[in-house]
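Everything below concerns the one structure shown next.
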Amino acid sequence: MHYTPLFPYFANVKTAFRILCDDYVTEDRGTGVVHQAPYFGEDDYRVCLAHGVINKDAASVICPIDAQCRFTAEVTDFQGQNVKDADKPIIKYLKEAKRLIHQAVVKHSYSFCWRSDTPLIYRAVPSWFVRVEGMIDRLLANNSKTYWVPDFVKEKRFANWLRDARDWAISRNRYWGNPMPLWISDDGHEVVCVGSIEELKCLTHNDGEKMSKRKRNYRDPMEIFDEFGADALRLYLITSPVVRGKPLKFKKEGVRDILKDVFLPWYNALRLLIQSCDQLKVNKKVNFIYDEKRLYYSMSSNSNVMDTWIVSYTQTLLDFVRKEMEAYRLYTVVPRLVKYIDMLTNWYVKLNKKRFKCETTLEDSLVSLNVLCYVLLTMAKLMAPFTPFLAEYMYQILRKLMPQPSSSLSPE
Numbered sequence: 001m002h003y004t005p006l007f008p009y010f011a012n013v014k015t016a017f018r019i020l021c022d023d024y025v026t027e028d029r030g031t032g033v034v035h036q037a038p039y040f041g042e043d044d045y046r047v048c049l050a051h052g053v054i055n056k057d058a059a060s061v062i063c064p065i066d067a068q069c070r071f072t073a074e075v076t077d078f079q080g081q082n083v084k085d086a087d088k089p090i091i092k093y094l095k096e097a098k099r100l101i102h103q104a105v106v107k108h109s110y111s112f113c114w115r116s117d118t119p120l121i122y123r124a125v126p127s128w129f130v131r132v133e134g135m136i137d138r139l140l141a142n143n144s145k146t147y148w149v150p151d152f153v154k155e156k157r158f159a160n161w162l163r164d165a166r167d168w169a170i171s172r173n174r175y176w177g178n179p180m181p182l183w184i185s186d187d188g189h190e191v192v193c194v195g196s197i198e199e200l201k202c203l204t205h206n207d208g209e210k211m212s213k214r215k216r217n218y219r220d221p222m223e224i225f226d227e228f229g230a231d232a233l234r235l236y237l238i239t240s241p242v243v244r245g246k247p248l249k250f251k252k253e254g255v256r257d258i259l260k261d262v263f264l265p266w267y268n269a270l271r272l273l274i275q276s277c278d279q280l281k282v283n284k285k286v287n288f289i290y291d292e293k294r295l296y297y298s299m300s301s302n303s304n305v306m307d308t309w310i311v312s313y314t315q316t317l318l319d320f321v322r323k324e325m326e327a328y329r330l331y332t333v334v335p336r337l338v339k340y341i342d343m344l345t346n347w348y349v350k351l352n353k354k355r356f357k358c359e360t361t362l363e364d365s366l367v368s369l370n371v372l373c374y375v376l377l378t379m380a381k382l383m384a385p386f387t388p389f390l391a392e393y394m395y396q397i398l399r400k401l402m403p404q405p406s407s408s409l410s411p412e
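Rendered as structure tokens:
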């Protein structure tokens, strides 16, 4: 059923000005009749698209308002007027045309820009899209092959989102987000994509509140890096609810605890090794070099139960971390690591200081230093994916004790 429009500006559009039905219109609010403007509302666009008023070709959708919210030349009686400033002239026009039945003021909620406190309108703008709707079946198939942590996200949250996926707008305009670096000539034939900052220069010469760029209610990450280092923040986040898809109340104290409970004891064990090697060189005239053969021999002969225990405990940790990483349970690593470092520093190191300092026999001292060197080298390799900077720093010190070291750390 067609009807005669109130305004004549687009009366020649054959698919428009029809009476349609949709269940988003309710009887308990308003008149039960809603005007559809596909350029200015999501439901409007959906209804008009479903009933053939428009299609996805942008040329089929009429927009009588420009980017400055002013009526275009097609709207001859109000051309150039802001849509809000034109309210009274429009009412006057309808009165003079004897098409106004009733006039009243209605109080209702309305969207305003939080930056400028000015009224907003919902208006479609030209954008770049990825055509997602045509590949939903493929997306769901690939999702079924993906290992998710936590697993409920795979079948519920993400799968449901994919089933209802719409074409993805990948561009933003100059006012609402970052624009795509595409520069197009007026005739549309030439497109320049800026691929880097250098190329652009050539072309142009705790309270639980969500962290917000606008409110700046978070610490600058660079300040955290400067105070505690990037690795401490990385390890803190790995053990947090974030890796399980849950919110996190960020606390600086948590990053500090990583430094105190993990990094400092780990570094102190390394420092003890280096100091012991220096003392060995001064007191016994022996330059310590890590010897795997001596290590394996001591393990096979069970010469010292503490050596056997810490090597076995290290291998257990290594197996645990590999297993957890394969299952993407990174958040279980740090608690186990803290326990391991406690065992290393407060048990093995403390109970073997006399051996490190060569207060027993020279051979016993060399065996203990080999064990400690092996443990710290294994830890550096183990922790490289989690704490790359500190692990590399540790390795660069340890490599001085290696017979044929590689130039940088290579996790195995």
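Each residue of the sequence shown is one higher than the one before, starting from 1 at the first, in UniProt numbering. Glycine is no exception: its CB is placed at the ideal position from the N, C-alpha and C atoms. Just so you know, these numbers come straight off a predicted model, no measurement behind them.
Tell me which residues share the same chain as CYS193 and place their Cβ nearer than 7 Å to its Cβ, disregarding the 5 neighbours each side in the sequence. Cβ within range, chain order: PRO181 and LEU182.
Could you tell me which uninterrupted beta strand (DSSP E) segments, each at least 3 residues in length, are contained entirely in the UniProt domain "Aminoacyl-tRNA synthetase class Ia" (87-201), listed from first to last along the chain? Segments of the beta strand (DSSP E) lying fully in the UniProt domain "Aminoacyl-tRNA synthetase class Ia" (87-201): 182-184 and 191-193.
Can you tell me whether DSSP reads ASN12 as helix, strand or coil? Here ASN12 sits in coil by DSSP.
Could you compute how far the alpha carbon of VAL53 sits from the alpha carbon of THR4? If you take the alpha carbons of VAL53 and THR4, they lie about 16 Å apart.
So, is CYS113 buried or exposed, given that buried needs 16 or more other C-beta atoms within 10 angstroms? With fewer than 16 Cβ atoms within 10 Å of its Cβ, CYS113 is classed as exposed.
With 16 as the cutoff for other CB atoms within 10 Å, does MET1 come out buried or exposed? Exposed, since its Cβ has fewer than 16 Cβ neighbours within 10 Å.
With 16 other CB atoms within 10 Å as the buried threshold, where does VAL333 fall? Counting C-beta atoms within 10 angstroms of its own C-beta, VAL333 has 16 or more neighbours from the protein chains shown and is therefore classed as buried.
Taking a contact to mean a Cβ-Cβ separation below 8 Å, would you say residue 413 touches VAL255 in this structure? There is simply no residue 413 to check, as the chain begins at 1 and stops at 412 in what is shown.
State buried or exposed for MET222, treating a residue as buried only when at least 16 other CB atoms are found within 10 Å of its CB. By the Cβ-count criterion, MET222 is exposed, with fewer than 16 other Cβ atoms from all chains shown falling within 10 Å of its own Cβ.
Using DSSP's beta-bridge definition, name the partner residues of ARG70. DSSP output for ARG70 lists ASN82 as bridge partner(s).
Identity of the residues DSSP links to ARG18 by a beta bridge: Answer by DSSP bridge pairing, in chain order: HIS2.
Closest by CA to GLU363, which one among PRO388, PRO335 and LEU280? Considering only alpha carbons, the answer is LEU280.
Whole-angstrom distance between VAL34 and LEU49, CA atom to CA atom: Near 16 Å, if we compare the C-alpha coordinates of VAL34 and LEU49.
Consult DSSP for ILE289 and reduce its assignment to one of helix, strand or coil. ILE289 falls in the coil class under three-state DSSP.
Residues near TYR45 in its chain [Cβ-Cβ closer than 6 Å; skip 5 each side]: So the qualifying residues of the chain are PRO38.
What are the boundary residues of the alpha helix (DSSP H) that LYS281 is part of? Where LYS281 is concerned, the enclosing alpha helix (DSSP H) stretches over 264-284.
Residues sharing a beta bridge with ILE65, DSSP: Answer by DSSP bridge pairing, in chain order: PHE71.
Rounded to whole angstroms, what is the Cα-Cα separation between LYS95 and VAL125? Rounded to the nearest angstrom, the two C-alpha atoms are 33 Å apart.
Helix, strand or coil at GLY229 according to DSSP, with G and I counted as helix: In the structure shown, GLY229 sits in coil (DSSP, three-state: anything other than H, G, I, E or B).
Would you mind giving the Cβ-Cβ distance between GLU164 and VAL132, rounded to the nearest angstrom? I have them listed as a contact below 8 Å. Note on identity: in this sequence residue 164 is Asp, with Glu being the wrong assignment. The Cβ separation is near 10 Å, so there is no contact.
Rounded separation between ILE62 and ILE184 - CA only: Their backbone Cα atoms lie some 23 Å apart in a straight line.
Mind checking which residues open and close the alpha helix (DSSP H) that includes residue 456? Outside the displayed span of the chain (1 to 412) sits residue 456, for which this structure offers no information.
How many whole angstroms separate the CB atoms of THR387 and ASN268, which I take to be in contact at a CB cut-off of 8 Å? About 16 Å; that fails the 8 Å criterion.
Less than 8 Å between the beta carbons of LEU290 and ASN370, yes or no? According to the sequence displayed, residue 290 carries Tyr and not Leu. In contact: TYR290 and ASN370 (Cβ atoms closer than 8 Å).
Would you call the CB atoms of VAL262 and LEU337 closer than 8 Å? Inclusion of VAL262 and LEU337 in the CB contact set at 8 Å is warranted, their separation being smaller than that value.
Beta-carbon separation of LEU317 and TYR374 under 8 Å? No, the pair does not count as a contact, with Cβ atoms beyond the cut-off.
Which first and last residues belong to the alpha helix (DSSP H) in which ARG46 is found? For ARG46, the enclosing alpha helix (DSSP H) covers residues 42-50.
For the candidate residues ARG99, VAL286, ASP57 and PHE40, whose alpha-carbon lies nearest to that of PRO8? Nearest of ARG99, VAL286, ASP57 and PHE40 to PRO8, Cα basis: ARG99.
Give the DSSP-derived three-state secondary structure of residue 413 in the structure shown. Only positions 1 to 412 of the chain appear in this structure, which leaves residue 413 out of reach.
DSSP state of LEU248, grouped into three classes? Correct three-state label for LEU248: coil.
If you follow the alpha helix (DSSP H) that TYR393 is in, where does it begin and where does it stop? 388-398 is the span of the alpha helix (DSSP H), which, as asked, contains TYR393.
Please go through the same chain and pick out, in chain order, the residues whose beta-carbon is closer than 7 Å to the beta-carbon of ARG70, but skip the five residues on each side of it. So the qualifying residues of the chain are GLY80, GLN81 and ASN82.
Ordered along the chain, which non-local residues of its own chain (more than five positions away) have a Cβ less than 8 Å from that of LEU235? For LEU235, where only same-chain residues beyond five positions count, the Cβ hits under 8 Å are ILE258, VAL262, VAL334, PHE386 and THR387.
Host alpha helix (DSSP H) of LYS56 (start-end): No alpha helix (DSSP H) holds LYS56; DSSP gives it neither H nor E.
If we count the other Cβ atoms within 10 Å of its Cβ and call it buried at 16 or more, is PHE152 buried or exposed? A residue is called buried when at least 16 other Cβ atoms come within 10 angstroms of its Cβ; PHE152 does not meet this threshold and is exposed.
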